[in-house]
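The next block holds one structure in the form of structure tokens; read it before the comments.
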Amino acid sequence: MRCRKTITGFIAVILSLFLCLNVSARLTKEDIQNLRQKLKARNATFTVGLNSATEYDLSELCGLVPPENWWIDAPFRDISARRLAAPASWNWCDQGDCTLVKNQGSCGSCWAFATVGPLECNILIKDGVEVDLSEQYLVSCNADGWNCSGGWWAHDYHEWKYNDPEIEAGAVPEIEFPYVASDAPCGGPYSHPWKIADWGYIGDSASIPSVDAIKQAIMDYGPVAVAIHVGTAFHAYTGGIFNINEPGTVNHGVVLVGWDDSQGTNGVWILRNSWGPGWGENGYMRIEYGTSQVGYAANYVVYSGTVLIPDLVVLSVETDPAQPEPGEQVSVQVTVKNQGSTDAYQFPVDWYADLSSSPATGLMGDARDIVSSLAPGEIYAMNTTYTYADSGNYNMYAQVDSDEEVEESNETNNVLGPVHILVGACECDLNQDSKCDMQDWLLFGADWGKTDCGTHGVDCACDLNCDGKCDMEDWVIFGEDWGRTDCPAPN
């Protein structure tokens, strides 16, 4: 695990938005006609028109904000001479290793999509499984201040970095935190089934890497993320070979999935965008090498592949009511989650009552469900009822896969408990933590003279010695009952 210093700033965000605002707004039919005339005069080899992206201002779409001096201490990798010459053409999509094109909508989160894209493709290449990872997790849960107004490559969050309330790094399944194209609250914590082993910038400096170096990285590590400057022509692109340089600073993050040396003047990159399949050539673009600074800050991820395996965990045991009376029926819900990377099949979920210690493996509980299947990221809820006949403080436990039918990546998180439930109101337990202690003394003391014990919600009858007042004599009686949960009634 390594730490990398990342510098972001308000000035960088404002600069990026300024560049976007000066490039384009929402395009009209008249704008397209004028653009076509200009491109014709410049011998453009591509077409433009209204598409799924032109309904947005370009300022809503371009969100890559290079941190000031980002190249200082950056993990550059010189990989230009590792292998023999690359083939004349290559496209990971032709190998069936490209996941579906996504749409970032009216949120400048291209940096998150360009971070997620290479990992999704790597999982498909290495594991043969198509997964949908959450960009919203990166937008909402990063500690760098990145959001819909801009950000930078976030691979660290897929390797070693995380922010509260998370307890580990790694990619999050889309099903757990779906994309909403806004600066939504983080929520969480989430599961992180997929992690990268490393990532790095191609080359050895802040300059655009050579075509050969980028090709080599694509061959060695799968699709790569790159920066590019986008303007009006890029915005309105509908097909063909993009060959027009639009001046400006890089402001957009995309993914390169391949190349073809036989197209264009000297060859083209196969560029994957995050503006939906209604932009360009089904979400892709063929762009000539060196055009519009494509390839700036090119970077790759190292994904070693994973042994696909479930991980079942008990999330919670909840009761309604939370503090029942003796003889009252209690509704119990046990929630279980598969936070692993593949489906789990045919496993039990058990709930145990009235136990003072953890249940033995395989012990049948007071309720049991058999779950036929649970996909990665999915939650199963078992519901049952129970009636406690007597007052008292009881322990509950829940256990998943007690029969050890499922091979899991983590077998230590299958039991949750003890979960306490207090049956019958304990008069001295003012804070309802199932014990009488100093915390209750503090609450009780604040309510001297109140026979209903203020607003604590428990009729605790603080006049324990029945002399018509709550005073030190009652404190003494109360103190003698520290630790008791039956709390003897007043005389």
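Under this note's numbering, read the sequence shown as residues 608 to 1098, first letter to last.
Beta carbons are placed, not taken as given, at the ideal position from N, Cα and C, and that holds for glycine.
The ligand COA heavy atoms versus the CB of E935: any closer than 8 Å?
Among the components of this structure there are no ligands whatsoever, and the ligand COA is therefore not found.
Using a Cβ-Cβ cutoff of less than 6 Å, which residues in the same chain neighbour R684 once the five nearest sequence positions on both sides are dropped?
Within the sequence shown, the letter at position 77 stands for residue 684. Excluding positions up to five away in sequence, the list reads G807.
Just list the residues that DSSP pairs I986 with in beta bridges.
Taking the sequence shown and counting its residues from 1, the one referred to as residue 986 is at position 379. DSSP lists K944 as partners of I986.
From S814, T991, Q823, pick the residue whose C-alpha is nearest to that of H686; which is it?
Looking up residue 686 in the sequence shown gives position 79. Note that residue 686 corresponds to Ile in the displayed sequence, not to His. When only C-alpha atoms are compared, the closest one is Q823.
Could you have a look at D819 and say whether DSSP puts it in helix, strand or coil?
The sequence position of residue 819 within the sequence shown is 212, counting from 1. Correct three-state label for D819: helix.
Less than 9 Å separating the beta-carbons of M773 and C748?
Mapped onto the sequence shown, residue 773 falls at position 166. Mapped onto the sequence shown, residue 748 falls at position 141. For the sequence presented, residue 773 should be read as Glu rather than Met. Yes, these two residues count as a Cβ contact at 9 Å.
If contacts are defined as beta-carbon pairs under 8 Å, then F720 and Y844 qualify, I think. What distance do you get, rounded to the angstrom?
Counted from its first residue, the sequence shown places residue 720 at position 113. Counted from its first residue, the sequence shown places residue 844 at position 237. A Cβ-Cβ distance of about 17 Å is found for the pair F720 and Y844, leaving them out of contact under the 8 Å criterion.
Can you say whether Y952 is buried or exposed, counting buried as having 16 or more other CB atoms within 10 angstroms of its CB?
By 1-based counting over the sequence shown, the position of residue 952 is 345. It counts as exposed.
Should P917 go down as buried or exposed, given a rule of 16 or more other Cβ atoms within 10 Å for buried?
Taking the first residue of the sequence shown as position 1, residue 917 is located at position 310. Answer is buried; the Cβ neighbour count reaches 16.
Whose CA, out of E895, K647, V1013, lies closest to the CA of S980?
By one-based count along the sequence shown, residue 980 stands at place 373. Here the closest residue by C-alpha is V1013.
By how many angstroms is the C-alpha of L919 removed from the C-alpha of M989?
Taking the first residue of the sequence shown as 1, we reach residue 989 at position 382. Taking the first residue of the sequence shown as 1, we reach residue 919 at position 312. Approximately 14 Å between the Cα atoms of the pair.
With a CB to CB cut of under 7 Å and the five nearest residues on each side skipped, what residues in its chain are close to A840?
Start at 1 with the first residue of the sequence shown, and residue 840 comes out as number 233. The answer, listed in chain order, is L642, L646, V655, I851, E853.
Strictly by DSSP, which residues pair up with M892?
Counting from one through the sequence shown, the residue named residue 892 turns up at place 285. Looking at the DSSP assignment, M892 forms a beta bridge with L878.
So, using beta-carbon positions, are I894 and F849 closer together than 9 Å?
Position 287 of the sequence shown holds residue 894. Position 242 of the sequence shown holds residue 849. Taking 9 Å as the Cβ cut-off, I894 and F849 qualify as a contacting pair.
Note down, in chain order, each residue of its chain lying with its Cβ closer than 6 Å to the Cβ of D790, except the 5 sequence neighbours on either side.
Counted from its first residue, the sequence shown places residue 790 at position 183. N754, C755, listed in sequence order.
Quick check on the DSSP output: the alpha helix (DSSP H) that includes S747 runs from which residue to which?
Here residue 747 refers to the residue found at position 140 when the sequence shown is read from its first residue. In the DSSP assignment, S747 falls within the unbroken alpha helix (DSSP H) covering 742-748.
How would you label N1021, buried or exposed, when you count the other beta carbons within 10 angstroms and need 16 or more for buried?
Numbered from its first residue, the sequence shown carries residue 1021 at position 414. By the neighbour-count rule (16 or more Cβ atoms within 10 Å), N1021 is buried.
Among residues of its own chain, excluding the 5 on either side of E775, which ones have a beta-carbon nearer than 8 Å to its beta-carbon?
Here residue 775 refers to the residue found at position 168 when the sequence shown is read from its first residue. Closer than 8 Å at the Cβ level, and outside the excluded window around E775, lie Y769, H799.
Does P792 pass the burial test, meaning 16 or more other C-beta atoms within 10 Å, or should it be called exposed?
In the sequence shown, residue 792 corresponds to position 185, counting from 1. Counting the other CB atoms within 10 Å of its CB gives P792 a total below 16, which places it among the exposed residues.
Tell me, to the nearest whole angstrom, how far the beta carbon of V943 is from that of I986; I am working on the premise that it is less than 8 Å.
The residue you call residue 943 lines up with position 336 of the sequence shown. The residue you call residue 986 lines up with position 379 of the sequence shown. Indeed they touch by this definition, with Cβ atoms about 7 Å apart.
Determine the direct distance from the alpha carbon of N729 to that of P780, and round the result to whole angstroms.
Translated into the one-based positions of the sequence shown, residue 780 becomes position 173. Translated into the one-based positions of the sequence shown, residue 729 becomes position 122. Going from the Cα of P780 to the Cα of N729 covers about 15 Å.
So the candidates are P983, G670, V1030, A996; which of them puts its Cα closest to the Cα of D927?
In the sequence shown, residue 927 corresponds to position 320, counting from 1. Per the Cα distances, V1030.
P955 and S1009: beta carbons closer than 9 Å?
Residue numbering aside, residue 955 sits at position 348 when the sequence shown is read from its first letter. Residue numbering aside, residue 1009 sits at position 402 when the sequence shown is read from its first letter. At a Cβ-Cβ threshold of 9 Å, P955 and S1009 count as neighbours.
Which term fits S938, buried or exposed, when burial requires 16 or more other beta carbons within 10 angstroms of its beta carbon?
In the sequence shown, residue 938 corresponds to position 331, counting from 1. By the neighbour-count rule (16 or more Cβ atoms within 10 Å), S938 is not buried but exposed.
Would you call S814 buried or exposed, if buried means 16 or more other Cβ atoms sit within 10 Å of its Cβ?
Position 207 of the sequence shown, counted from the start, is the residue given in the question as residue 814. Result: exposed.
For a test of the three-state rule: what should DSSP assign to R633, helix, strand or coil?
Locating residue 633 in the sequence shown gives position 26, counting from the first residue. R633 falls in the coil class under three-state DSSP.
Exposed or buried, what is I679 when buried is set at 16 or more other beta-carbons lying within 10 Å of its beta-carbon?
The sequence position of residue 679 within the sequence shown is 72, counting from 1. So I679 ends up on the exposed side.
Which whole runs of the beta strand (DSSP E) in the segment 778-851 are 3 residues long or more, in chain order?
805-809, 831-835, 844-849
Return the residue from the list T1019, E766, V672 that minimises the CA-CA distance to T856.
Reading the sequence shown from its first residue, position 249 is the one you call residue 856. Taking T856 as reference, the option from T1019, E766, V672 with the minimal CA-CA separation is V672.
Judging by CA-CA distance, which residue of Q644, G890, G838, E1011 is the nearest neighbour of V901?
Residue mapping note: residue 901 aligns to position 294 of the sequence shown, counting from 1. For V901, the nearest C-alpha among the options comes from G838.
Expressed to the nearest angstrom, what Euclidean distance is found between the alpha-carbon atoms of S911 and A804?
Walking along the sequence shown from the start, residue 911 turns up at place 304. Walking along the sequence shown from the start, residue 804 turns up at place 197. Those two C-alpha atoms are separated by around 7 Å.
Rounded to whole angstroms, what's the CA-CA distance from S659 to P884? Just pull it up for me.
Counted from its first residue, the sequence shown places residue 659 at position 52. Counted from its first residue, the sequence shown places residue 884 at position 277. Straight-line Cα distance between these residues: approximately 8 Å.
For V787 and A750, what's the separation of their Cα atoms in angstroms?
For the purposes of this step, residue 787 is taken as residue 180 along the sequence shown, with counting starting at 1. For the purposes of this step, residue 750 is taken as residue 143 along the sequence shown, with counting starting at 1. Their Cα atoms are separated by approximately 19 Å.
Using the C-alpha atoms, what's the distance from V738 back to E1011?
On the sequence shown, residue 1011 is found 404 positions in, with the first residue counted as 1. On the sequence shown, residue 738 is found 131 positions in, with the first residue counted as 1. Cα to Cα, E1011 sits roughly 27 Å from V738.
Alpha carbon to alpha carbon, what distance is there between Q1006 and Y907?
Position 300 of the sequence shown holds residue 907. Position 399 of the sequence shown holds residue 1006. In a straight line, the C-alpha of Y907 is about 41 Å away from that of Q1006.
Determine which residues share a DSSP beta bridge with S980 and list them.
On the sequence shown, position 373 is the one that residue 980 refers to. Paired residue(s): Y952.
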